[in-house]
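First residue of the sequence shown? That's 1 in UniProt numbering, and the numbers climb one at a time after it.
Beta carbons are placed, not taken as given, at the ideal position from N, Cα and C, and that holds for glycine.
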Amino acid sequence: MRAYNERLVLSLIRQSGALAKADIARMTGLSAQTVSVIMRSLEADGLLEKGEPVRGKVGQPSVPMRLNREGAFFLGLKVGRRSLDLVLTDFLGQVVDRVQEKHAYPAPDRVVEFAHKAIGQILDRLPPEHRNRVAGLGIAMPFQLWDWAEALSVAPSEMAGWRDFDIAATIRERFDFPVYLSNDASAACGAELVFGDQTKPRDFLFFFIGFFVGGGLVLDNMLYTGRTGNAAALGSVPIRITGTTTKQLVDVASLAALEKTVLVHGGESNSLWDDPESWSVAEETLNSWTEEAANGLACAALSSACLIDFECVVVDGWMPARVRADLVERVQQRIDAIALPGVQAPQVRAGSIGGDARALGAASLPLSERFLVDRNAFLKG
């Protein structure tokens, strides 16, 4: 664990890019001498490296310092309803290795078996000098998986093992690095916050569309996960209630709903899970799903805006970029068309991570815990 001021400097450079010592002193309020000591320490530890000198009109050239790509590495495990994905990222958040496996549903023993094997494979492929720089493993998975047996078309007994199973503790027994756990949609939101477009507003609502749809909430530049770690469970938001029958967002804005429609029309759904950029779905079927998903997302976003006055809605997911762009446009149009007196309609934008958001969000957990500070530490200055 780095000292606070070291983490502060690393956080600032991560957000702003390469910075000279004078800039860091000005932005943090630390003395020039303190900044020099910190920078030398971080460079000696391999976390920072010198950039190209910037020559001014007077005096010595300024030498900005930047993150060293090979300064630390992070493992991220995504436990999905249809697939498992383990990635290794470098200090900049770029994926340098991965192992994937598709499955019919996630069973505890098979997930752990995959994790042990895949971590071993990735560590074996990593140069020896980098192995001791692996700073931890993050796990992103849906919480309360046992509640989704019916939706996954499996017997409840097949998912019951998750009730009392501590996957983080089980994997931690095998390895000597820390292991962290997060809800998968919250992790995807965290990836957007840490690695995504840094020009977003300080408050935003986040939707991630995978097998199911989930969400995340960022307030004042911090991911808010709530009392149980499951805040912004947007898939459960009711979008239509008729008598005692409730339609939820997950019923319309999820890939499970798209898969069901594809199969009903005699199509083949495997392409949905192979690669988010290689879907093979009839245009009429895709258009119908996109329209209904956009209506549901707009309803959920406006309902949420009545409670929390956020400025922006971010939509991302396991889907081709063109489909995401179309969906974002339709959600914005639908929001603009609905008048809610007293509520300012949020702006909708596409996420900047894409299909890897959950795995990258998992990898960001050890990064955030060990090397970053609250972004407000320097944004409020």
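Residues Leu88 and Asp90 of the same chain have their beta carbon placed closer than 6 Å to that of valine 96, with the five preceding and five following residues left out of the count. Counting every other CB atom within 10 Å of its CB across the protein chains shown gives cysteine 299 a total of 16 or more, marking it as buried. Sixteen is the threshold: when 16 or more other Cβ atoms of the shown chains lie within 10 Å of the Cβ of aspartate 251, as they do, the residue is buried. Judged by their CB atoms, valine 213 and phenylalanine 207 are nearer to each other than the 8 Å cut-off. Looking at the DSSP output, isoleucine 241 bridges to Thr246.
In the DSSP annotation of this structure, the continuous segment of the alpha helix (DSSP H) that includes valine 328 starts and ends at 321 to 337.
Here serine 364 is buried. Its C-beta has 16 or more other C-beta atoms within 10 Å.
By a beta-carbon distance limit of 8 Å, glutamine 15 contacts glutamine 198. Their separation comes to about 6 Å. The beta-carbon separation of alanine 185 and isoleucine 139, rounded to 14 Å, does not stay under the 8 Å limit for a contact. Apart from sequence neighbours up to five positions away, the residues of its chain that approach glutamate 277 with a beta-carbon distance below 6 Å are Pro320, ordered along the chain. The three-state reading of DSSP puts glutamine 100 in strand, counting E and B together.
Taking a cut-off of 8 Å on C-beta distances, the segment 268 to 283 does not touch the segment 221 to 234, as fewer than three cross pairs fall below it. By the Cβ criterion, the segment 102 to 114 is in contact with the segment 65 to 81, since at least three pairs of Cβ atoms, one from each stretch, lie closer than 8 Å. Within the segment 226 to 302, the alpha helix (DSSP H) runs of at least 4 residues that lie entirely inside it are, in chain order, 255 to 264 and 271 to 274. The Cβ atoms of phenylalanine 73 and valine 9 do not sit closer than 8 Å to each other.
In this structure, DSSP gives phenylalanine 204 an extended state, which the three-state scheme calls strand. In this structure, the beta-carbon distance from asparagine 68 to leucine 48 falls below 8 Å. By the neighbour-count definition (other C-beta atoms within 10 Å, threshold 16), valine 54 is an exposed residue.
Between isoleucine 38 and leucine 86, the C-beta spacing is not below 8 Å. Around the C-beta of isoleucine 209, 16 or more other C-beta atoms lie within 10 Å, and the residue is accordingly described as buried. Residue pairing of threonine 89 in beta bridges, as defined by DSSP: Phe74 and Val95.
Rounded to the nearest whole angstrom, the C-alpha separation of threonine 34 and arginine 7 is 13 Å. With at least 16 other beta carbons inside 10 angstroms of its own, arginine 349 counts as buried.
For the pair proline 178 and isoleucine 241, the Cα-to-Cα distance works out to about 44 Å. Residue nearest to alanine 253 within the set Gly243, Lys21, Trp318 and Ile308 is Trp318 (criterion: CA-CA distance). Comparing alpha-carbon positions, the option among Ser31, Tyr4 and Gly51 lying closest to alanine 18 turns out to be Gly51. If you draw a straight line from the Cα of leucine 181 to the Cα of phenylalanine 195, it is about 18 Å long.
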